[in-house]
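Undergrad: Got a structure here, written out as structure tokens. Questions coming.
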Amino acid sequence: MALAVGLYFFAGWVGSSIPSNRNFVEDPNGVEIIVATNGIHTSIAVPLTSPDMDWTRVFPPSDTADPSRPYTHVAISWGERAVFLETETWADLSPMTVMRVIGVGGDALYHVEQWVRPAPSPDFRPLRISRAQYRRLIRALLRDLPERTAARAVYPGYATHDVFYDARGTYTTYNTCNEWTGETLRLAGIRTGAWTPFAGSVMKWVPPIEPAERGVGTR
Numbered sequence: 001m002a003l004a005v006g007l008y009f010f011a012g013w014v015g016s017s018i019p020s021n022r023n024f025v026e027d028p029n030g031v032e033i034i035v036a037t038n039g040i041h042t043s044i045a046v047p048l049t050s051p052d053m054d055w056t057r058v059f060p061p062s063d064t065a066d067p068s069r070p071y072t073h074v075a076i077s078w079g080e081r082a083v084f085l086e087t088e089t090w091a092d093l094s095p096m097t098v099m100r101v102i103g104v105g106g107d108a109l110y111h112v113e114q115w116v117r118p119a120p121s122p123d124f125r126p127l128r129i130s131r132a133q134y135r136r137l138i139r140a141l142l143r144d145l146p147e148r149t150a151a152r153a154v155y156p157g158y159a160t161h162d163v164f165y166d167a168r169g170t171y172t173t174y175n176t177c178n179e180w181t182g183e184t185l186r187l188a189g190i191r192t193g194a195w196t197p198f199a200g201s202v203m204k205w206v207p208p209i210e211p212a213e214r215g216v217g218t219r
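Counting in full-length UniProt numbering, the sequence shown runs from 1 upward without gaps.
As structure tokens, this is what we get:
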């Protein structure tokens, strides 16, 4: 068992070290996105509204418990349903859930957070991408969203500014939440690893910010 775990982590390190979209360069006149991490899980934050996309039509702030805040960004990620809904903290994670995900995988959910002026930090790293890349990113972020219906389920989040939505796909040890982030970046033409199963696999490709860039914001 220990050997299998070690091989998995080694494969993750190798896969994430192989670059995709190696010719990517930031566009100083482009759209600023944020790649965020909590150390275990990653997400991609984009402007709530822009000439290319009004995310309020897909993920309306009115779905949150506090729709009155002046939200400026929406952070989108994908993950395993039971882990998302039943583990508000990692101490809540059931060993049975872990074994099931390892053995057969699990159903997916979108986790969507509404943010107010997120400040750059070591865990919230901005990237400027071209508008063409941003349009590709929009399509990639929406690729696992089921057909929108009036009865689409909305599940309460961990706080007043986040919720969960049904998503297509199956979470597995290969297709992890962080690999979903990596695949989203790859589809948009943004440089990242060829396989990104861990949070560090994603963040290793996003340049850290300089101290002077750090600002003040809220989420």
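Glycine included, every Cβ here is placed at the ideal spot set by N, Cα and C. Quick caveat, the model's predicted, so the values are computed rather than measured.
1) To which residues of the same chain is Val206 closer than 6 angstroms at the C-beta, ignoring the five residues directly before and after it?
2) What is the residue span of the beta strand (DSSP E) that Ser43 lies within?
3) DSSP three-state label for Ser201, please.
4) Use the C-beta contact count for Met1: other C-beta atoms within 10 angstroms, 16 or more gives buried, fewer gives exposed.
5) Whose CA, out of Ile138, Ala82, Thr196, lies closest to the CA of Tyr155?
6) Mind listing, in chain order, the continuous beta strand (DSSP E) runs of no fewer than 3 residues lying wholly within the region 120-153?
7) Of the choices Val202, Pro208, Ile209, whose alpha-carbon is the least far from that of Gly12?
8) Hey, out of Tyr110, Leu85, Asn21, Trp195, whose CA is closest to Asp166's CA?
9) Between the beta-carbon of Tyr71 and the beta-carbon of Pro60, is there less than 8 angstroms?
10) Among Val104, Leu85, Gly79, Arg117, which has the Cα closest to the Cα of His73?
11) Taking the alpha-carbon positions, what's the Ile18 to Gly189 distance?
12) Just mark Gly79 as buried or exposed, buried being the case when its beta carbon has 16 or more other beta carbons within 10 Å.
13) Which residues in the same chain as Leu187 place their Cβ atom closer than 8 angstroms to its Cβ, once the five residues preceding and following it in sequence are excluded?
TA: With the given structure in hand:
1) Taken in chain order, the residues that qualify are Val35, Arg125.
2) It spans 42-47 - the beta strand (DSSP E) in which Ser43 sits, taken as one unbroken run.
3) helix
4) exposed
5) Ala82
6) 124-129
7) The shortest Cα separation from Gly12 among Val202, Pro208, Ile209 belongs to Val202.
8) Looking at the Cα atoms, Tyr110 is the closest of the given residues.
9) no
10) Arg117
11) 15 angstroms
12) buried
13) Arg136, Leu137, Arg139, Ala140, Arg143
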